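Asker:
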Amino acid sequence: MPLTEDTFYCHEQIKVPPDLPDILKQFTKAAIRTQPRDVIKWSAAYFEALTKKEPPPVSKRLNMPVATQKTDTGLTLNLLINLHRQIGHMKRVKLDSIETKWRVLDIPMELFNEMVKRGGFASSCDWNEFLTVCCQYLAESMTKTMRMLSEILTSDPEGGAAGISNKLWFELYEFLCVLNGEISQVHREMVKAYLTEEASLQEGIIYPRNFEHKDCPKLNPKEF
Numbered sequence: 633m634p635l636t637e638d639t640f641y642c643h644e645q646i647k648v649p650p651d652l653p654d655i656l657k658q659f660t661k662a663a664i665r666t667q668p669r670d671v672i673k674w675s676a677a678y679f680e681a682l683t684k685k686e687p688p689p690v691s692k693r694l695n696m697p698v699a700t701q702k703t704d705t706g707l708t709l710n711l712l713i714n715l716h717r718q719i720g721h722m723k724r725v726k727l728d729s730i731e732t733k734w735r736v737l738d739i740p741m742e743l744f745n746e747m748v749k750r751g752g753f754a755s756s757c758d759w760n761e762f763l764t765v766c767c768q769y770l771a772e773s774m775t776k777t778m779r780m781l782s783e784i785l786t787s788d789p790e791g792g793a794a795g796i797s798n799k800l801w802f803e804l805y806e807f808l809c810v811l812n813g814e815i816s817q818v819h820r821e822m823v824k825a826y827l828t829e830e831a832s833l834q835e836g837i838i839y840p841r842n843f844e845h846k847d848c849p850k851l852n853p854k855e856f
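Per the working numbering, the sequence shown starts with residue 633, numbered consecutively.
1) Does Val-823 come out as helix, strand or coil in the three-state DSSP assignment?
2) Nearest to Thr-775 by alpha carbon, out of Pro-840, Gly-836, Thr-660 and Pro-688?
3) Mark Glu-761 as exposed unless 16 or more other C-beta atoms lie within 10 angstroms of its C-beta, in which case mark it buried.
4) Quick test of the definition: if touching needs 3 or more C-beta pairs under 8 Å, does the stretch 784-801 touch the stretch 706-719?
5) Suppose only complete runs of 3+ residues qualify. What are the beta strand (DSSP E) ranges in the stretch 700-748, listed by chain order?
6) Buried or exposed: Gly-792, going by 16 or more other Cβ atoms within 10 Å of its Cβ?
7) What is the DSSP secondary structure of Asp-654, counted as helix, strand or coil?
8) Do you know offhand how far Met-741's Cα is from Glu-829's?
9) So, is Glu-676 buried or exposed, given that buried needs 16 or more other C-beta atoms within 10 angstroms?
10) Answer with buried or exposed for Thr-700, where buried requires no fewer than 16 other C-beta atoms within 10 angstroms of its C-beta.
11) Please state whether the Cβ-Cβ distance between Gln-768 and Leu-711 is less than 8 Å.
12) For Lys-702, I'd like the list of residues in its chain whose CB is within less than 6 Å of its CB, leaving aside the five on either flank, ordered along the chain.
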């Protein structure tokens, strides 16, 4: 005779939460959109985020590699949007926290280390600066980098005008100029003067159409 016996439960003893079907439905939709490489690791992070009432690692749309990136690195605009949804509410964030969410999305760790190196980050960093380094890596020019940042950081609906405050725009542009190391202060002031005037007519907002306009000085004078 066995030392222990299996315990059997009748259906009256098994309590199924009434919202479980909806939870599983949303989980399935999220998995389809995000397309995680490691489903088990991603699933654990998904439900952990729900229990902590944090944004889960979910892409808003089907996560396919973008054709404009330099190489198929595993990093895409959608993945950056995903990361921003989880981390963007924090002004300053520990690199360990970014790394944890980076791993869940199965973006190569070599690339994470490269971003840290490019940004000169230590144990923690300004999240917008980390995001800027990632966008710079994916984009082909400074103008495209700023457009990408605008699309991620805007409060406009998806597919909208993608405007951000002139204060934030200038902070991002200044950081990009520092990373570039070759754009003179005189040229930066020319860009800022033009866009400050545009923003004054738009309640302090700068849109991609403003810095992509032919009358706007090139964000990087060496790019055509």
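Glycine is no exception: its CB is placed at the ideal position from the N, C-alpha and C atoms.
Given the structure is predicted, the values throughout are model-derived calculations rather than measurements.
Answerer: Taking the structure as given:
1) Val-823 falls in the helix class under three-state DSSP.
2) It is Pro-840.
3) Label assigned to Glu-761: buried.
4) Segments in contact, yes.
5) Runs found: 724-726.
6) The residue is exposed, with fewer than 16 neighbouring Cβ atoms inside 10 Å.
7) DSSP places Asp-654 in helix when its eight states are reduced to three.
8) Distance between the alpha carbons of Met-741 and Glu-829 is about 42 Å.
9) According to the sequence shown, residue 676 is Ala rather than Glu. Per the 10 Å Cβ criterion, exposed.
10) Unreliable placement is indicated for Thr-700, whose pLDDT of 38 sits below 50; the coordinate value is still reported in the next sentence. The residue in question, Thr-700, is exposed, as its Cβ has fewer than 16 Cβ neighbours within 10 Å.
11) No. Outside cutoff.
12) Bear in mind that the predicted position of Lys-702 carries a pLDDT of just 42, short of 50, making it unreliable; the figure below should be weighed with that in mind. Non-local beta-carbon contacts of Lys-702 in its own chain, meaning distances under 6 Å to residues more than five positions away in sequence, are absent.
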